[in-house]
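Chains as they are written, first to last, in the working numbering: chain C, 1480 to 1624; chain A, 23 to 449.
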Amino acid sequence: MKKPILVIACLFCCAPLLAQIKTKAKPKPAARLAAVDGKGIYEKYCLTCHQGDGGGVPNMNPPLIKTSYVLGDKTRLIKVVLNGFSENVDIDGESYSNVMPSHDFLKDQEIAAVLTYVRKNFTNKAGPITTAQVKAVRATNKKKI
Amino acid sequence: MKNKFNKYLVLMAGFAVSVSLYALKPGSEVVPDADNAGLKLPDGFGALKVAETGAKARHLVVTPQGDIYVKLARPNKEGKGILVLHEASNGKAELKSSFGTYGGTEVALKGGYLYASSNTEVFKYKVNDKNEVINPDQPEKIVTGLKAGRQHETKSFALDNDGNIYVNIGAWFNSCQEKDRGLHSPGIPGCPILDSMGGVWQFRTDKLNQSYGEGVRYATGLRNMVGMEWNQQDNQLFVMQHGRDNLNSSWPELYTTKQSAELPAECLYALKKGDNAGWPFMYYDQIQHKKIEAPEYGGDGKKEADAKYIDPAVAYPGHMAPNGLLFYTGNQFPTKYKNGAFIAFHGSWNRAPEPQAGYFVVFQPFKDGKPAGDWEVFADGFSGSPEKTAAGRADHRPCGLAQGADGSLYVTDDSKGTIYRIIYTKK
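Here's what the structure looks like:
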């Protein structure tokens, strides 16, 4: 029940927030946006399965260390977070039995921040994921459903 | 003391000592490794590494002839899912053969048959008078068509003395939520999958091709079990349930990360036909000592569940993943161990960000087929260090347990594939 409202609320508030950042208008929302720290989101929503060191859990939850998903196609990576993931696929030669739930309740900039955090930590050295990229993937993702 | 004793043994090592020990006690030419295979054990015990299989070694059985059948989680490079090792007189084993094209967890030996399961079927293989499988490529399929999801897919089982086999059919959910493990995702009303999973099914060992239609749902409301064993003293089935996860990540308003790391209990259940242990509608809280309604079904962490659900026989701390259960009937260990239970805790992951726990073998005292007294850690050190335990980065993860004909306790590790043997060395 809560989810659609959240998503709608988020859609409404993202755009103005972003506009304000771009134009560097008001300092207050800018400070709020800066507070969307990827590490915090990782610890709240991802750490339970992928662990503090990003190393995952053998046979259960895959590592986020230099995997083809983390370093590879950004659209695919964003979709993992939006839709969750439970495919019977091998991730770099190993299979994992747990189920990753959808995290579509996270805001675009939260997903961007957490994925940027993942791509820059756990010995990963990949470029950031932007809020615009998440927004674009979410839009086409929705059309598909 | 123990270390000095071991060092002494090692110094004196080899042939002379072996022979003299052999003269004292049959089977005792088997000596512990100098470092007790890296394990921390009670005074008077030692351990050796029997073999390094390099495979995900799940459960095992050891025959009086010194063959060890090891079930692998997945078929190895040669495509085989069951290894047969043979022990030399010093206790070290070499690969003798391998067979079975399927992965899984369980293997057991009883009444002239070796039993083993894939994730959907149970097979039996006739053995000869040396307990060797006669036709490794032609097993008889006794159970087929069992459901298996991505998680909790393995089919552990136990055998009674009346020709019945009790098979775990694990639920393919964490807590039967509409969105498995999702944030605030409610439970599916009535959890209809309980008709075909989330319980123990009873089949006959002497019938072929049985499935749900021929089996009996012996007990329900059990999320998943890996360690199951028939208790001979009480003539009853005991199982170790893997308790639910994600209390905090699904219900952050109701459970702190600390509570979520402790709860719920990993439960030992003594099962009778028709029992309902309450999953997914409840879990057992070992701190409040109460059956608590699951948050997916209206619970708030305090509301008590319907009293109709059975109580655990023993409740252990959360998430430690009990993967092996064995009632010790041997004569090698001191008498306090006789008829008690050993439980292999594979080790936790769902305690993060709190330190992880487990990765050890526990001893649970029993009296007359009922748990009696506090459990204690029996064998520790599999992980390599306390830091590795806390981080969940264990070198070895105990999984399966077996008793040798001489009363030794065998432990598998499904991470690196080490097979351990624990012996009592004190005279």
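We put the CB at the ideal spot given by N, CA and C, even for glycine. Given the structure is predicted, the values throughout are model-derived calculations rather than measurements.
Of Met304/A, Lys163/A and Asn253/A, the smallest CA-CA separation from Ala327/A is found for Met304/A. Under the three-pair Cβ rule at 8 Å, the segment 142-155 of chain A counts as touching the segment 73-90 of chain A. Taken atom to atom, the span from the alpha-carbon of Val261/A to that of Pro1542/C is near 31 Å.
Of the candidates Leu70/A, Ala56/A, Glu51/A and Phe400/A, the residue whose Cα lies closest to the Cα of Thr440/A is Leu70/A. Where Gln281/A is concerned, the enclosing alpha helix (DSSP H) starts and stops at Thr279 to Glu284.
Inter-residue distance for Gly249/A and Asp1587/C is about 44 Å (C-alpha atoms, whole angstroms).
For Leu61/A, the closest Cβ of chain C is not nearer than 8 Å. Assignment of Arg443/A by DSSP, reduced to helix, strand and coil, places it in the strand class. Beta-bridge analysis with DSSP links Leu216/A to no other residue.
The way I'd put it, the segment 207-220 of chain A does touch the segment 288-305 of chain A; three or more beta-carbon pairs between them come closer than 8 Å. Assignment of Glu200/A by DSSP, reduced to helix, strand and coil, places it in the coil class. DSSP, read as helix, strand or coil, puts Ile314/A in strand.
Rounded to the nearest whole angstrom, the C-alpha separation of Val1616/C and Ile1557/C is 7 Å. Rounded to the nearest angstrom, the gap between the Cα atoms of Met219/A and His1582/C is 27 Å. Cβ-Cβ distances below 6 Å link Ala77/A to Leu94, Asn98 and Gly439 in the same chain, with the five nearest sequence neighbours on each side left out; the list follows chain order. A straight line joining the alpha-carbon of Pro1607/C with that of Ala138/A spans about 49 Å.
Listed along chain A, the residues sitting closer than 7 Å to Gly1531/C by beta-carbon distance are Ala374 and Pro375. If you keep only unbroken beta strand (DSSP E) runs of at least 3 residues inside the segment 64-104 of chain A, you get 67-74, 79-84 and 89-94. In the three-state reduction of the DSSP assignment, Arg226/A falls in the strand class. Looking at the backbone, the Cα of Tyr240/A and that of Ile332/A are separated by about 14 Å. Chain A has a Cβ within less than 8 Å of the Cβ of Gly1534/C.
Beta-bridge partners of Ala292/A (DSSP): Phe260/A. Taking 8 Å as the cut-off, the Cβ atoms of Cys198/A and Gly209/A count as close. Residue contact with chain A for Phe1584/C: present (Cβ-Cβ distance below 8 Å to some residue of chain A). By the criterion of a C-beta distance shorter than 7 Å, Ala180/A is surrounded in its chain by Tyr188, Met250, Glu251, Trp252 and Leu259, once the five residues flanking it on both sides are discounted.
In the same chain as Asp159/A, and ignoring 5 residues on each side of it, the C-beta atoms closer than 7 Å to its own belong to Phe121, in chain order. Assignment of beta-bridge partners to Leu423/A by DSSP yields Val433/A. Scanning Pro344/A, Leu269/A and Gly101/A for the CA closest to the CA of Glu315/A turns up Leu269/A. Inter-residue distance for Ile1544/C and Thr1602/C is about 7 Å (C-alpha atoms, whole angstroms). When the beta-carbon positions are compared, Val222/A and Asn190/A come within less than 8 Å of each other. Contact between Ala337/A and Tyr306/A holds, since their C-beta atoms are separated by about 5 Å, short of 8 Å. The three-state secondary structure of Ala416/A, taken from DSSP, is coil. Annotation for Gly346/A: the continuous beta strand (DSSP E) segment containing it runs Pro344 to Phe349. By DSSP's assignment, Asp297/A forms a beta bridge with Ala241/A. Going by DSSP, Lys118/A is part of the beta strand (DSSP E) stretching over Ala115 to Phe121. In this structure, the beta-carbon distance from Pro420/A to Phe367/A falls below 8 Å.
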